[in-house]
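In this note's numbering, the protein residues as written are 161 to 609.
Written out below as structure tokens is the structure these notes cover.
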């Protein structure tokens, strides 16, 4: 049995639909206007909404738009006695499940409702499966910064506005984007992620907008781009500042018009996409240097969210480390390792330039390579936080500072493992041959103890 809300200004239509659907075991609630229907919808849960397009006062399409913006909306089947192709297309773009014309075929009504209910059940199963598969895509922590960010995510997810997420590399910007998607009215639709920094400039337009066969060398068939694949869902543009100005201009136009042309194509493709962008750079500085378009920034920065770096999250570091140790132990069928008090202090004293990603990789390495159940401080291959190191690097160029840090870091790892290059390479997460090359380049002599 399904709960069905019927909104139509014709009494005969409301009562006929109610009688037919009641015979099928469904529970029907009737409303004669959009305003009355909206009030009923707000206080009860429904599995299906049957909605007339032409209503006195607020029209059906406007009500459809409001319904689709609130939570996980049920399928909405539009009904019209003056159906046109334009109206049907607009209803579909706004998220209608189907479009039925009067006079109604009761057989068609029942068939459409049965299909909608089956589709709703399937979507719920998919949603439950996604929750199971994405257990690690949550913000772990109790710090003020993370609690504030969670509240901001809950508020922003309900809107249709564009969002700009800023934060350092590895801090969890994509996790924030996926949480926004999961808690939004578009959670049943696609989440498509694009790392703009990882795509060569000559290919990024094809990647975003698709291409027609023969558009360039290697374009052997038509291909949809990420904007098209994300239609009715969410497109996550990570590292947006790494786009060329030419591509930025095309993205701006696609955002403004919700339409574009494939590379080498003439046909306009219409989409309904919510864009979430992210950057590890200060975009206002990028604008001042001429590397980023100001108009694109204002289009994207409707709701700004900032992810705090791990070094500012206090005890969250230990909570995250424990979370990762349990996760990787479960994946490998081991008992989870635990941190000693001194090991916790070592993690808290480190500056975490790679943020959560660095901590995650370290805990995975500890799970795989550390034999003892308790992880002790001396087993954790980390440097230390400290102003003295930063002060000593101030007079160097960026390249020299990186080399100085890397040389010191490698030297300490070699010393930690008593000159055993294989173990040092494993702890560093690099190939032994690669480490030998760096030892030679930095003039580090290895003496086994």
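Beta carbons are placed, not taken as given, at the ideal position from N, Cα and C, and that holds for glycine.
Everything numeric in this text was worked out from a predicted model, so none of it was measured.
CB of residue i within 8 Å of CB of residue j, strictly
i           : j           : result
residue 331 : residue 513 : no
residue 224 : residue 254 : yes
residue 412 : residue 453 : yes
residue 374 : residue 467 : no
residue 542 : residue 506 : yes
residue 128 : residue 391 : Because the chain is modelled from 161 through 609, residue 128 falls outside the range shown and cannot be assessed.
residue 606 : residue 570 : no
residue 276 : residue 259 : no
residue 592 : residue 581 : yes
residue 333 : residue 438 : yes
residue 282 : residue 250 : no
residue 164 : residue 186 : yes
residue 264 : residue 237 : no
residue 180 : residue 213 : no
residue 168 : residue 174 : yes
residue 423 : residue 474 : no
residue 586 : residue 529 : yes
residue 279 : residue 235 : yes
residue 497 : residue 435 : no
residue 387 : residue 433 : yes
residue 637 : residue 324 : Residue 637 cannot be examined here, being either before or after the span of the chain that is shown, 161 to 609.
residue 130 : residue 440 : Residue 130 lies beyond the residue range present for the chain, which begins at 161 and ends at 609; the question has no answer from this structure.
Outcome for residue i when other beta-carbon atoms lying within 10 angstroms are tallied against a minimum of 16
i           : result
residue 515 : buried
residue 604 : exposed
residue 494 : exposed
residue 216 : exposed
residue 274 : exposed
residue 501 : exposed
residue 527 : buried
residue 245 : exposed
residue 596 : exposed
residue 385 : buried
residue 456 : buried
residue 403 : buried
residue 491 : exposed
residue 172 : exposed
residue 442 : exposed
DSSP state of residue i mapped onto helix, strand, coil
i           : result
residue 482 : helix
residue 492 : helix
residue 597 : helix
residue 451 : coil
residue 179 : helix
residue 407 : helix
residue 546 : In this prediction, residue 546 has a pLDDT of 43, which is less than 50 and means its spatial position is unreliable; what the coordinates show is noted afterwards. In the structure shown, residue 546 sits in coil (DSSP, three-state: anything other than H, G, I, E or B).
residue 190 : strand
residue 344 : coil
residue 252 : helix
residue 282 : helix
residue 229 : coil
residue 466 : strand
residue 555 : Low per-residue confidence applies at residue 555: pLDDT is 43, beneath 50, and the placement is therefore not dependable enough to give any value.
residue 535 : strand
residue 203 : helix
residue 430 : strand
residue 376 : coil
residue 476 : helix
residue 275 : helix
residue 303 : coil
residue 161 : coil
Per DSSP, cross-strand counterpart(s) of residue i
i           : result
residue 234 : Partner(s): none; residue 234 has no beta bridge.
residue 212 : 239
residue 258 : 237
residue 354 : 397
residue 371 : 383, 423
residue 500 : Partner(s): none; residue 500 has no beta bridge.
residue 439 : 326
residue 527 : According to DSSP, which records beta bridges pairwise, residue 527 is partnered with nothing at all.
residue 166 : 190, 210
Proximity test, Cβ basis, 8 Å: residue i and chain D
i           : result
residue 389 : Absent from the structure is chain D; it holds one protein chain and no more.
Original post:
Using 8 Å as the Cβ pair cut-off and three pairs as the minimum, do the stretch 302-315 and the stretch 262-274 touch?
Top reply: no
Original post:
For the stretch 470-486 against the stretch 439-459, are there 3 or more C-beta pairs whose distance is under 8 Å?
Top reply: no
Original post:
Should the stretch 317-326 be regarded as contacting the stretch 369-385, the criterion being three or more beta carbon pairs within less than 8 Å?
Top reply: no
**OP:** For the stretch 519-533 and the stretch 331-342, state whether three or more C-beta atom pairs, one from each stretch, are separated by less than 8 Å.
**Re:** no
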